[in-house]
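Right, one structure below, let's go through it.
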Amino acid sequence: MTSNRRLFVTLDNSIQSEVCMRDDNKLFVEGKGDIFVQTRKGEKKISYVFYVLNLKHNLLSVGQLNQKGYVLKFSFDTCTINEKHGFLIAKVKVTLNKMYPMKMIYSLNGCLKTSIENHSRLWHCRFGHLSSKTLSYMIQKNIVDGLPHIKIQDKICEACVA
Numbered sequence: 001m002t003s004n005r006r007l008f009v010t011l012d013n014s015i016q017s018e019v020c021m022r023d024d025n026k027l028f029v030e031g032k033g034d035i036f037v038q039t040r041k042g043e044k045k046i047s048y049v050f051y052v053l054n055l056k057h058n059l060l061s062v063g064q065l066n067q068k069g070y071v072l073k074f075s076f077d078t079c080t081i082n083e084k085h086g087f088l089i090a091k092v093k094v095t096l097n098k099m100y101p102m103k104m105i106y107s108l109n110g111c112l113k114t115s116i117e118n119h120s121r122l123w124h125c126r127f128g129h130l131s132s133k134t135l136s137y138m139i140q141k142n143i144v145d146g147l148p149h150i151k152i153q154d155k156i157c158e159a160c161v162a
């Protein structure tokens, strides 16, 4: 759950619900979508994230992580999160108020936007960082319905060289 609208790469606002907090306070769910976080193994998508206004901290669902195959181990003072194949995702120490705060780096990649000034770059990103030559060919041969006839700029994409 998060209250930061900018983190979402997709958001379905038709999902409406409530979540009950520890203090019995109810918060309204304004939608559900996907966000990306940076891990040691690269970018990971977190799906089914609730968009909750007035939430003070981002929260991860232990049940949802477990359901997706992640292995969570809680000890006296530590929580470890591993992929099902054993790769360590996070190791978090418990705080005095019995919380496990996890520092996360969120990926706000420009290629995940739905609108952009540079249409050439937008379609390059939408097709999974397709080469400009192939994209031009697809436009020229009218291979894809809905792909507009735009001038493809042969600029270097930061994500493609990373």
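Numbering (the UniProt record's numbering), first residue to last: 1 to 162. For each residue, glycine too, the CB sits at the ideal point set by N, CA and C. The structure displayed is predicted, hence computed values, not measured ones.
Residue environment analysis places I156 among the exposed positions, since fewer than 16 neighbouring C-beta atoms fall within 10 angstroms of its C-beta. In the structure shown, S3 falls within a coil segment according to DSSP collapsed to helix, strand and coil.
Contact between M1 and L55 holds: CB atoms are separated by about 6 Å, below the 8 Å threshold. With at least 16 other beta carbons inside 10 angstroms of its own, V49 counts as buried. Pairing Q153 with R121, the inter-Cα distance amounts to about 8 Å. With a beta-carbon spacing of about 25 Å, V29 and E43 fall beyond the 8 Å limit used to define contacts. Cα atoms of L65 and Q140: separation of roughly 45 Å, rounded to the nearest angstrom.
By the neighbour-count definition (other C-beta atoms within 10 Å, threshold 16), H124 is a buried residue.
Selection N142, F74, G69 evaluated against F87 yields G69 as nearest (Cα-Cα).
A direct Cα-Cα distance of roughly 39 Å separates K91 from S131.
Taking every protein chain shown into account, the CB of Y137 has fewer than 16 other CB atoms within 10 angstroms, so this residue is exposed. The alpha-carbon separation between V9 and F127 amounts to approximately 16 Å.
If one requires a minimum length of 3 residues, the beta strand (DSSP E) runs lying completely within the region 16-103 are 17-20, 26-39, 42-52, 71-74, 78-82, 88-93, in chain order.
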